[in-house]
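Numbering-wise, full-length UniProt numbering puts 59 at position 59 of the sequence shown, and it's gapless, one number per residue.
The beta carbon of each residue, even a glycine, is placed where N, CA and C say it ideally should be.
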Amino acid sequence: MSKISALGLDVGKKRIGVAGCDGTGLIATGITTIERTSFERDLEQLRQLVEERDVQILVVGLPYSMDGSLGFQARQVQKFARRLSKALQLPVEYVDERLTSLEAEQQLKERKQFSSRDKGAIDRLAAAIILQQWLDSRRSSQLSVTRE
Numbered sequence: 001m002s003k004i005s006a007l008g009l010d011v012g013k014k015r016i017g018v019a020g021c022d023g024t025g026l027i028a029t030g031i032t033t034i035e036r037t038s039f040e041r042d043l044e045q046l047r048q049l050v051e052e053r054d055v056q057i058l059v060v061g062l063p064y065s066m067d068g069s070l071g072f073q074a075r076q077v078q079k080f081a082r083r084l085s086k087a088l089q090l091p092v093e094y095v096d097e098r099l100t101s102l103e104a105e106q107q108l109k110e111r112k113q114f115s116s117r118d119k120g121a122i123d124r125l126a127a128a129i130i131l132q133q134w135l136d137s138r139r140s141s142q143l144s145v146t147r148e
């Protein structure tokens, strides 16, 4: 298996949850939450993480509607991701992020780490869930190729 350095992003209107993975691509962990102010400021904070972590790909959660269509928010996320991809010169892959924030909130409640005031913790964990889904899917497709 090849080494991978990816950033998982849960892009919202107010915040961006950011997650990273270990070099083996097995485990995703929440890194930080970026409070959104302007594209330039968001870009600068993400550029710093990309350089520190030698990131090769951005994995962005795409908020599909429950019927599977791309609504307004999903198109906004795609627009942001395309600008980011171009500015950072990195490829972007999307993961269906329906219900990841709800799943993150549930996990935090189960761990007794939930605070309704700490939205950043939910965003970070949602980003980790998004990245973990991508890593798991990537690993299973690599495993099926090596078995053939």
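Where the alpha helix (DSSP H) containing S42 begins and where it ends: Along the sequence shown, read from residue 1 onward, the residue named residue 42 stands at position 42. A quick correction: the sequence has Asp, not Ser, at residue 42. Its alpha helix (DSSP H) spans residues 39-53.
Buried or exposed, going by whether 16 or more other CB atoms sit within 10 Å of the CB of P63? For the purposes of this step, residue 63 is taken as residue 63 along the sequence shown, with counting starting at 1. Label assigned to P63: buried.
For L125 and L135, the rounded distance between their alpha carbons: As a working note, residue 135 is residue 135 in the sequence shown. As a working note, residue 125 is residue 125 in the sequence shown. Going from the Cα of L135 to the Cα of L125 covers about 15 Å.
Helix, strand or coil at I34 [DSSP, three-state]: As a first step, residue 34 is located in the sequence shown; it is residue number 34 there, counting from the start. The answer is strand: DSSP assigns I34 an E or B state.
Enumerate in chain order the residues of its own chain whose CB-to-CB distance from R138 is below 8 Å, with the five nearest sequence positions on each side excluded. Taking the sequence shown and counting its residues from 1, the one referred to as residue 138 is at position 138. Excluding residues within five positions, the ones whose Cβ falls inside 8 Å are I4, G25.
Measuring alpha carbon to alpha carbon, tell me which of L84, K119, P91 ends up nearest E40. Reading the sequence shown from its first residue, position 40 is the one you call residue 40. Out of L84, K119, P91, L84 has the C-alpha closest to the C-alpha of E40.
F72 to R53 span [Cα, whole Å]: For the purposes of this step, residue 72 is taken as residue 72 along the sequence shown, with counting starting at 1. For the purposes of this step, residue 53 is taken as residue 53 along the sequence shown, with counting starting at 1. About 32 Å.
Could you check what DSSP says for residue 156 in three-state terms: helix, strand or coil? Outside the displayed range of the chain (1 to 148) lies residue 156, so it cannot be described from this structure.
Kindly indicate which three-state DSSP category L26 falls into: helix, strand or coil? Residue mapping note: residue 26 aligns to position 26 of the sequence shown, counting from 1. Looking at L26 - three-state DSSP - the assignment turns out to be coil, as it is neither helix nor strand.
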